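Taking it in order: structure first as structure tokens, then the write-up.
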Amino acid sequence: MRINAKITLLAVCPVVFALGVSLVTLLIQQRKLDRQVDETIRQQAFSEAGKIAQSVYWMCAATDARNQRGLTHGLEVARGLLRQAGGASLSGETIPWQTVNQITKETVSVTLPKMMIGSNWMGRIATTNQPAPVVDEAMRLTGDFCTIFQRMNDAGDMLRVCTSVVKNDGSRALGTFIPAKNGDGANNPVVQAVLRGETFRGRAFVVNDWHAAAYEPIWDADKKRVIGMLYTGIGLGTINKELHDAITKMVVGKTGYVYVLD
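Residues 1 to 262 in this note's numbering are what the sequence shown spells out, letter by letter.
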């Protein structure tokens with residue numbers, strides 16, 4: 001190799017080497033920067049999703065608080081109407097009932113004392129074109145369903161003897177009952193709370209739908225035995241429609257969405 005070529009090679013090689021090192025370093029830094037950018041974007045996405053989830057949670061909490069205030073008001077109105085009408089009591093006269101378990105749909109024949117409102121028997125009003133005492137007025141004033149239940153037995157099965165709740169065929173859900181034990185044998189939380197003398201508030205299955213519900217005991221004259229219960233409530237699909245619509249309209253990023261798990 002000529003001396004000139006050797007000199008040129010010796011001069012160029014360090015430059016080429018330096019350029020190569022610089023290029024490799026640049027590539028490494030670029031990859032590191034890309035990873036940092038990706039991680040930053042990922043963290044921002046999780047942070048944004050977390051904020052949205054927190055917002056949805058508080059929306060649900062606010063809606064539930066509103067629902068509970070509504071149920072409290074509805075129960076107070078129904079209780080006041082029942083008290084003004086003379087209260088509920090049991091007659092010495094009995095009548096037969098053909099009842100239906102709202103969970104299992106099993107039919108049960110029972111004979112029970114007439115349940116009175118004041119000095120009058122509340123009757124057996126199954127059609128909506130005939131007014132029912134207390135429950136219709138409560139619904140007119142509050143918009144909530146209302147039911148008066150009669151205790152069927154020592155176990156605590158609760159029979160709808162006067163109600164504004166309707167079945168799929170449009171008739172009142174008269175003669176349906178909430179069993180003290182569910183189909184799986186577990187105690188029904190509504191009945192158990194009421195038999196303890198407590199007011200149940202929460203989600204409950206009512207005839208054919210889930211309701212936001214409140215139930216309180218109806219006592220005998222000596223306040224020693226629960227003889228029935230008073231209910232007010234409204235279907236969850238109705239009471240939470242605004243919340244449902246607001247959640248389904250939310251968009252996370254470009255294509256993300258919000259959903260709620262029980």
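Ideal Cβ positions, reconstructed from N, Cα and C, are used throughout, including at glycine. Predicted model, so just to flag it, every value in this text is computed and none were measured.
Comparing C-alpha distances from T199 to each of T142, R79 and T238 shows the shortest one belongs to R79.
Taking C-beta atoms as the reference points, M59 and A193 fail to come closer than 9 Å. A residue is called buried once 16 or more other Cβ atoms fall within 10 Å of its Cβ, and D144 is buried on that count. Only residues of its own chain outside the window of five on either side were considered, and among them V77 have a CB closer than 7 Å to the CB of L141, listed in chain order.
For K241, the enclosing alpha helix (DSSP H) covers residues K241 to T248. Residue pairing for L112: DSSP places it in a beta bridge opposite I95. T176 carries a strand assignment under DSSP once its states are collapsed to helix, strand and coil.
Take the alpha-carbon of T147 and the one of Q44: they are about 51 Å apart. Going by beta carbons, T163 and A212 fall outside the 9 Å limit. By a beta-carbon distance limit of 8 Å, R160 contacts T176. Their separation comes to about 5 Å.
Distance from the Cα of G170 is smallest, within the candidate group L112, I125 and G156, for I125. At a Cβ-Cβ threshold of 9 Å, A138 and G74 count as neighbours. Nearest neighbour of L112 by Cα position, chosen from L90, I218 and Q54, turns out to be L90. Secondary-structure assignment with DSSP links Y231 through a beta bridge to T147 and Y215. G50 is classed as exposed because its beta carbon has fewer than 16 other beta carbons within 10 Å across all chains shown. Short of 6 Å from the beta carbon of Y231, and not among the five residues preceding or following it, lie these beta carbons of its own chain, in chain order: T147 and Y215. One thing to note: A180 has its Cβ no nearer than 9 Å to the Cβ of D209.
If you ignore the 5 residues before and after P96, its C-beta comes within less than 6 Å of the C-beta of T111, all in its own chain and listed in chain order. Residue state for K181 is assigned as strand, using DSSP reduced to three classes. Taken through DSSP and simplified to helix, strand or coil, L195 comes out as helix. In terms of Cβ geometry, A65 and V258 do not form a close pair [threshold 9 Å].
For M158, no alpha helix (DSSP H) segment is defined; the enclosing uninterrupted segment is the beta strand (DSSP E) at M158 to T163.
R31 has its alpha-carbon roughly 10 Å from the corresponding atom of D38.
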